[in-house]
Amino acid sequence: MAFIVPPPRSSPDAGPGRAGPGPVVSGPAALARWYEQRLGWATEGRAPVRLLTGIRFDVLELPAEAGHALLRRPVRTGPVLLSGGRMGLLVAAGGADELPGLLDWLEWGPIALDLTAVGAGGRITAPSPRGGGAGSPGAAVWLRPPEPRHGPGPALPALAGFGSSRGDAPDLVRLVDAAATECHRVRLSRARAGLRKGSPADQPLAFS
Numbered sequence: 569m570a571f572i573v574p575p576p577r578s579s580p581d582a583g584p585g586r587a588g589p590g591p592v593v594s595g596p597a598a599l600a601r602w603y604e605q606r607l608g609w610a611t612e613g614r615a616p617v618r619l620l621t622g623i624r625f626d627v628l629e630l631p632a633e634a635g636h637a638l639l640r641r642p643v644r645t646g647p648v649l650l651s652g653g654r655m656g657l658l659v660a661a662g663g664a665d666e667l668p669g670l671l672d673w674l675e676w677g678p679i680a681l682d683l684t685a686v687g688a689g690g691r692i693t694a695p696s697p698r699g700g701g702a703g704s705p706g707a708a709v710w711l712r713p714p715e716p717r718h719g720p721g722p723a724l725p726a727l728a729g730f731g732s733s734r735g736d737a738p739d740l741v742r743l744v745d746a747a748a749t750e751c752h753r754v755r756l757s758r759a760r761a762g763l764r765k766g767s768p769a770d771q772p773l774a775f776s
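Quick note on the working numbering: the sequence shown kicks off at 569 and runs consecutively.
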């Protein structure tokens, strides 16, 4: 299997958060080396290659439908990946532990949102380095690829003064609130669709 590796910076015509074409890297061992050397991320090098969370980053996970709506909002994110029907938002390490408290503080706690987090001790499938959502159906891909560790990319979303030594990190509170809002909208939309499907008007009429 071959993977296309993006260059250090997005090409001018690649669009925001999109990586241009780059050299080809073949096989899981090469993919693991790319993540370890290019980004400084810990991996499980055997196939399928997995990225270890809780070291350099954690991941917020939400339904892809809610995630796509979130990306249309004016809220800053870090790298974003898509894997099947789930979207992953990379945040500063430790963010997964903060999620339950943040949801309670933002008054989302009592609501059953499909918003989860993967933190210390967790693993996610390593997406192909090819950006822009390309790849086989259901394969993990980057929608907003990460920058090289020595590149000028923004810091990962974090609480103010937490998880980053730089002051330009996207705000984790705003990101969680926006993600919860879109998860709730998807939940309500699915509930309404279920009610319409099961309404009497949709049922066959019975004649005696």
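Don't be surprised by glycine CBs; every beta carbon is placed ideally from N, CA and C.
Assuming residue i contacts residue j under a Cβ cut-off of 8 Å, what Cβ separation, rounded to an integer in Å, is found between them?
i, j, result
"Ala610", "Ser651", "Not confirmed; about 19 Å, so no contact."
"Arg606", "Pro716", "5 Å"
"Leu711", "Leu658", "Actually they do not touch by this definition, with Cβ atoms about 11 Å apart."
"Pro647", "Pro713", "6 Å"
According to DSSP, is residue i helix, strand or coil?
i, result
"Asp626", "strand"
"Glu750", "helix"
"Leu727", "coil"
"Glu604", "helix"
"Asp739", "strand"
"Pro716", "coil"
"Arg614", "coil"
"Arg755", "helix"
"Arg646", "In the sequence as displayed, the identity of residue 646 is Gly instead of Arg. DSSP places Gly646 in coil when its eight states are reduced to three."
"Gly656", "strand"
Between which two residues does the alpha helix (DSSP H) harbouring residue i extend?
i, result
"Trp676", "No alpha helix (DSSP H) contains Trp676, which DSSP labels as neither H nor E."
Taking the CB atoms as reference points, tell me whether residue i and residue j lie closer together than 8 Å.
i, j, result
"Ala694", "Leu599", "yes"
"Ala660", "Phe625", "yes"
"Ala726", "Gly687", "no"
Query raised in the report: If we count Cβ pairs, one from each stretch, closer than 8 Å, do we get three or more for the stretch 598-617 versus the stretch 634-647?
Result: Cβ pair count under 8 Å is below three, so no.
Query raised in the report: With a cut-off of 8 Å, do at least 3 Cβ pairs link the stretch 743-756 to the stretch 676-694?
Result: yes
Query raised in the report: Would the stretch 597-606 and the stretch 622-634 be scored as touching if the rule is three or more Cβ pairs under 8 Å?
Result: no
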